[in-house]
Amino acid sequence: MAEAALSCVSVILNKILPLAAAEINRAWGVEKDLQKLADNVRTMEALIFDAECKQSTSKAAQLWLKWLQSTARDAEIVLDDFGYEVLRQKVKNRKRDKVLNLLYSSNPFFFRLGMADKIKKVMASLEEAYKKANQIGLHPAQLPMASADHKVDQQRWTAPFVDESETVGREAEVSKVVSMLISSDCKKDLPVISIVGMGGQGKTTLAQLVLKNESVTKHFDKIIWVCVSDDFRVERLLNHMLQSLGDHSLGEKNAETTTKEALVRRLQENLKGKSYLLVLDDIWNDDPLKWNDMRICLLAIGGAPGSKILATTRSDEVASAMQTSALHHLDILSDDHSWMLFEKLAFADGGAKTQDLVDIGTRILKKCGGVPLAIKVIGGLLYSKKDASEWSKLEKSEIWNESTDIAKRVMSVLKLSYENLPSWSVKQCFASCSIFPKDALMEKESLIQIWMTQGLINDAKGGGHLQMEDIGSEYLNILLRSSLLQAGYKNSIYGIWSCRMHDLVHDLSLQVSNNCFLNTEGGMEVRHENEVMRLTIIGSQGKVLKKIEGIPPNLQTLYYRGGDGIMLEDILERSRYLCVLIVDCWDMTHLPNAVGDMKHLRHLDIHETKITALPDSITKLYNLMTLKVYYLEEIPKKFSNLINLRHFEVSLDGSRCLFPGIGQLANLRTLPHFRVSQEKGCQLEELEHLRNLRGKLKIFGLENVSSFESAAKAKLSEKSSIQGLRLSWDDTNEDCDDNNINSVMEGLQPHPDLKSLAIWGFKGSRFPSWMVAKDGLMVLLRNLVRLRLEKLGKCEQVPPLGDLPCLESLWMVSLPNVKRIGAEFYGLDINARSSAFTLFSKLKCFELRDMGSLEEWSDAMVPSDSSSSIKVFPNLRDLRIAGLPKLAVLPDMENLTSLAELSIRECGSLACIRNLNSLTSLEFLYLNDCSALLDASLDMKNPQSLRELIISGCDKLNPSLNQIQHLSTLTSLEIGEFEGLEVLPEWMGSLRNLQELWIVDCSNLRQLPSAEATRHLTNLNQLVINSCPVLAERCTKGSGVEWPKIAHIPYVFID
């Protein structure tokens, strides 16, 4: 309760300080009142900490905290009204030179008079709170440092966290479950395989690891994931199956609007003829009748034979109710594996691992009972502790004595981790996550934006040098390190961009919300409705609101998922103080009019709807900081009135200007794209005023920029927070001055911290100096991770890229004038090198495509008189080459020992692939339409890692393909367009790991290998014969002369 009161009071302080500093308040005569109010609020903070210490023994302290929380909320509303009027006046007077003079002339007398009176009432309430505190014996306490200045220990808490994919000790269990899934022993329709284990033991993680296994991904055509939790409504589960398959046609409707029959029909369409694996995660239902209802629907859906269900549950009774065919009880981690997992977290940054810490850590781990979640939480907690005394204090904590039951002990560990979070702000951010349903994938940026709009973060907390988004990112890293959040998807440019909560952690977030949160999911009982500030409504569970006497009066955050627009409009009309509105309702096509009157609204997320238009009244939401609406067709007039807007996400395709004058939204951090045009207010100089842009930015229409000076006005080189940049010129038939185009590109120089760059449609003849520096080396863009060059019609050379230390992905597409790739591409300057050096040291993915004039691609070589040695592409894993009709020879592949995937297509002059045999890591090889390729290129004796091979349209290769007969690791083989192939060779019987065989466009093929050879293909479960008319006739089921050879193969498709 103390934390809830402190949260409210601190939010008030966050709002007072910028208002008190605003110049407008001196004109209105309320500056001194606001400063005095801020002083009173600081006093309340100190009193709250004393009340926190006494509330467990003092009923009076508990009541005082609850009363103060209500008073603080009233004060927050007053300040929000005041702040809204400040912004309204700022918008109204924006075009005048002297704001203050106009403020006097506009003379909002009655508002000023009423506001001054309200501020005095708030101060009177706080003074009354101070008197009551004295009467019950409360005194201002010394504020803890973390809460006093809202800072965190950056040296420890912001360090990189352990990837959630790094698990230990589960290899044998993954193999066991995989065997259960791909086994054909069970003849039962749709058998269930259950994983059973206590909460936090890693059931979901094991299921995820199983799904990543190649044997599973190849065995099933479709994999469907549904988080069940404690809501086992069949309609809901069927709907989530559709969602998992990517089918949103029926929307997120509930049982009243979508029948089981309609859902089953839709699933039948999606799964016709396909084998699928349905994962039902975290099942609680132990009622056999409910499961039978679900099973009847699943059997009606059909799909191909071999479909199965993988279930995870904490209960043997649940597994029994599902008539489980195969059961796997998840083991606890061994002591050694427990230590391995703990070590990754507690010593993640290579911190000192003293013997004292090892001994204490070992003893603590024994108390965790081998439960991974508890180990992760303890490891994350101890990561922030440096001294053995702090570890010893945790070892002796009372939490270990609360219960001997390991499940209850895990919850105690989670609570301890929460209590050890470094500030109340981080704690409130964690509690705020409770608005999302269990197992929801939460976008990192969305979470941070919600925290900002709820007042849990502000610029002052960064000491002036950090923006709110940066502070929010620090907070999120703390929660990840504490294992209170789990990392979802991530990449090398933007890092983690999504996360999840374990269901036990979600339960904790509900507990610590102090009655301020209500989630109707699962039909939970409603209590303390007057204290509810955050509300989640899931589908038909909106009827739970009928138990509440009206809408919660203090509602600030609403997450509305799957209901109808009428009910939402009814809620919004009675939610005048709403700050955060998230609507996830695919059937909704228009925004309720009531939104335009919600002047406290700061976060509006309607991207999971079909809304295409916004009412003009939305431009009066001056407090709005975040707007997400992906299917918007037109921007409302006066959109530039939203002067507080920081994040604007919309999926407009960039074919036209978003709206004129976007530069007036100086607070913008996120902008989907900017199109330059000749229209007033759409010139590139609009970007000059958007100094705080971050993340990704796409600039279209650069053909409308005519000079270096015009391009430089965008000041891209000063925008250090932009991580991804796309520069695009549209196709035009107009002749353009080469010097002008080149100078425009010079003026578009980005900041050196840029990580991703795409240049599209550039019509200049040369790359800018910021891409080609002195000595032939690119020295400016040293942080580039991803580079794409596409449709560069006049460039005759490629830039020097080999020396970029961070480059991981490179695409060069449609550079029709480039005839040669040589030393300039590698950035070779031997005189500046050491005796041994590496080029393209981190490159993992390289695509070279549609370069019709390219005749030569040379090796990177040092002069014969040099003592230097060179390595090129040591980490390249994926090389794709296509549409190079004049290229005869590729660079030597001898040193590409990391290459896993090689695709070569439409290279009609390519005769030789040198040292293909040296690719010891090669797993996938695709050769298509390489009509000049010679047999000598396919020296394929060594690559024992090769799993998938496609060869088609390679006319000069011997149809017998004897070169590949030693590839015993192959699991998938496709051969196509071999007119001279009449009989498949006998050696194919030696490919005993082969699972799939595709034979395509072999018009003269008439015979398969002998029956003896095909019998050796014991793993072959799929044979596809397409456009092979002679063979197709001979393989007719039952009557064809070749049919007996393939009758044993489970899936045979002949077209």
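Those letters in the sequence shown? Residues 527 to 1581, per our numbering, in order. Glycine is no exception: its CB is placed at the ideal position from the N, C-alpha and C atoms.
Notebook entry, point to check: In or out: residue 939 buried (at least 16 other Cβ within 10 Å) or exposed?
Noted result: A buried status is given to residue 939, since no fewer than 16 other beta-carbon atoms sit within 10 Å of its beta-carbon.
Notebook entry, point to check: What's the gap between the Cα of residue 1074 and the Cα of residue 1020?
Noted result: Residue placement at residue 1074 is flagged as unreliable, the pLDDT there being 49, under the threshold of 50; a coordinate-derived value is accordingly withheld.
Notebook entry, point to check: Which residues in the same chain have their Cβ closer than 7 Å to the Cβ of residue 1576, if we skip the five residues on either side of it in sequence?
Noted result: Same-chain partners within the cutoff: 1547.
Check: Of the residues 697, 773, 1105, 1218, which one's Cα is nearest the Cα of residue 603?
Finding: Nearest option by C-alpha distance: 1105.
Next item on the list: Measure the alpha-carbon distance for residue 781 versus residue 761 and round it to whole angstroms.
Entry: At residue 781, the pLDDT of 38 sits below 50, so the modelled position is not reliable; the number obtained from the coordinates is stated separately. Cα to Cα, residue 781 sits roughly 6 Å from residue 761.
Checklist line | Terminal residues of the alpha helix (DSSP H) in which residue 1000 lies | finding: Per DSSP, residue 1000 belongs to the alpha helix (DSSP H) from 994 to 1007.
Margin query: Using 7 Å as the threshold, is the C-beta distance between residue 1424 and residue 1401 below it?
Written below: Cβ distance < 7 Å, so residue 1424 and residue 1401 count as in contact.
Check: Hey, residue 1202 and residue 1237: beta-carbon distance below 7 Å or not?
Finding: Result no, Cβ atoms of residue 1202 and residue 1237 do not sit closer than 7 Å.
Item checked: C-alpha distance - residue 808 paired with residue 1152, whole-angstrom precision -> Approximately 34 Å, taken between the alpha carbons.
Checklist line | Rounded distance between the beta-carbons of residue 1458 and residue 1434, thought under 8 Å | finding: Correct: roughly 6 Å between the Cβ atoms.
Next item on the list: Give the straight-line distance between the Cα atoms of residue 1009 and residue 709, rounded to the nearest whole angstrom.
Entry: The alpha-carbon atoms of residue 1009 and residue 709 are separated by roughly 35 Å.
Next item on the list: Check residue 675 in the structure and name its three-state DSSP category.
Entry: Residue confidence for residue 675 is low, a pLDDT of 40 falling below 50, so the modelled location carries little weight; the figure read from the coordinates is stated next. In the structure shown, residue 675 falls within a helical segment according to DSSP collapsed to helix, strand and coil.
Checklist line | Simplified DSSP assignment, three categories, for residue 1398 | finding: Three-state DSSP puts residue 1398 in a strand.
Checklist line | Sub-7 Å separation of residue 1632 and residue 1195 beta-carbons | finding: Outside the displayed range of the chain (527 to 1581) lies residue 1632, so it cannot be described from this structure.
Margin query: For residue 1134, tell me which candidate among 1220, 1541, 1258, 1086 has the shortest Cα-Cα distance.
Written below: If we check each option's Cα against that of residue 1134, 1086 comes out closest.
Checklist line | Residues sharing a beta bridge with residue 832, DSSP | finding: The partner list for residue 832 (beta bridge, DSSP) is empty, contrary to what the question assumes.
Checklist line | Opening and closing residue of the alpha helix (DSSP H) in which residue 731 lies | finding: Counting along the chain, residue 731 sits inside the alpha helix (DSSP H) bounded by residues 729 to 738.
Next item on the list: On the DSSP bridge assignment, give the partners of residue 1200 in chain order.
Entry: 1225, per the DSSP bridge assignment.
Notebook entry, point to check: Run through DSSP, which three-state label would residue 838 get?
Noted result: Shown here, residue 838 sits in a strand according to DSSP, grouped into three states.
Margin query: Once DSSP output is grouped into helix, strand and coil, what is the label at residue 1250?
Written below: Residue state for residue 1250 is assigned as strand, using DSSP reduced to three classes.
Next item on the list: Compare the C-alpha of residue 475 against each of 928, 1340, 1352 and name the closest.
Entry: The requested residue 475 does not occur in the structure, where the chain is confined to residues 527 to 1581.
Margin query: Using beta carbons (cut-off 7 Å, strictly below), is residue 1462 in contact with chain B?
Written below: Reference to chain B is not applicable here, since this structure consists of a single protein chain.
Note to self: I'd like the span of the alpha helix (DSSP H) that includes residue 1471, first residue to last.
What the structure shows: Counting along the chain, residue 1471 falls outside any alpha helix (DSSP H), and DSSP gives it neither H nor E.
Next item on the list: Reducing DSSP to helix, strand and coil, say where residue 1538 ends up.
Entry: The answer is helix: DSSP assigns residue 1538 an H, G or I state.
Note to self: Residues in the same chain with beta-carbon distance under 6 Å from residue 674, minus the five sequence neighbours each way, listed in chain order, please.
What the structure shows: For residue 674, the predicted structure reports a pLDDT of 37, less than 50, and the residue's modelled location is therefore unreliable. The matter cannot be settled from this model.
Item checked: Candidates 981, 863, 959, 999: closest to residue 1036 by CA position -> If you compare the alpha carbons of 981, 863, 959, 999 with that of residue 1036, the shortest gap goes to 959.
Notebook entry, point to check: Using DSSP with H/G/I as helix, E/B as strand and the rest coil, what is residue 1562?
Noted result: In this structure, residue 1562 counts as coil in the three-state DSSP scheme.
Item checked: Completely contained beta strand (DSSP E) runs for the region 870 to 928, where each covers 3 or more residues -> Runs of beta strand (DSSP E) with 3 or more residues, each lying fully within the region 870 to 928, are absent.
Next item on the list: Check whether the Cβ of residue 1145 sits closer than 6 Å to any heavy atom of the ligand SAH, and report yes or no.
Entry: By its list of ligands, the structure shown contains no ligand whatsoever, and the ligand SAH lies outside what it can speak to.
Checklist line | the region 904 to 915 / the region 959 to 977 touching (three or more Cβ pairs under 8 Å) | finding: The region 904 to 915 is not in contact with the region 959 to 977.
Item checked: Residues sharing a beta bridge with residue 567, DSSP -> For residue 567, which the question treats as bridged, DSSP gives no partner whatsoever.
Checklist line | For residue 1198 and residue 1229, believed in contact at Cβ under 8 Å, the rounded distance | finding: That pair is no contact at about 20 Å.
Next item on the list: Decide if residue 630 is buried, meaning its Cβ has at least 16 other Cβ atoms within 10 Å, or exposed.
Entry: The pLDDT assigned to residue 630 is 43, lower than 50, so where the model puts this residue is not dependable; a value taken from the coordinates is nonetheless given after this. Taking a 10 Å sphere around the C-beta of residue 630, we find fewer than 16 other C-beta atoms and assign the residue as exposed.
Notebook entry, point to check: Would DSSP call residue 811 helix, strand or coil?
Noted result: DSSP places residue 811 outside both helix and strand once states are collapsed to three, so it counts as coil.
Next item on the list: Evaluate residue 1362 with the Cβ neighbour count: other Cβ atoms within 10 Å of its Cβ, from every protein chain shown; 16 or more gives buried, anything less gives exposed.
Entry: Exposed is the call here.
Margin query: As a quick exercise: from 1486, 1080, 1523, 1517, pick the residue whose alpha carbon is nearest that of residue 1476.
Written below: Closest in C-alpha terms to residue 1476, from the list 1486, 1080, 1523, 1517, comes 1523.
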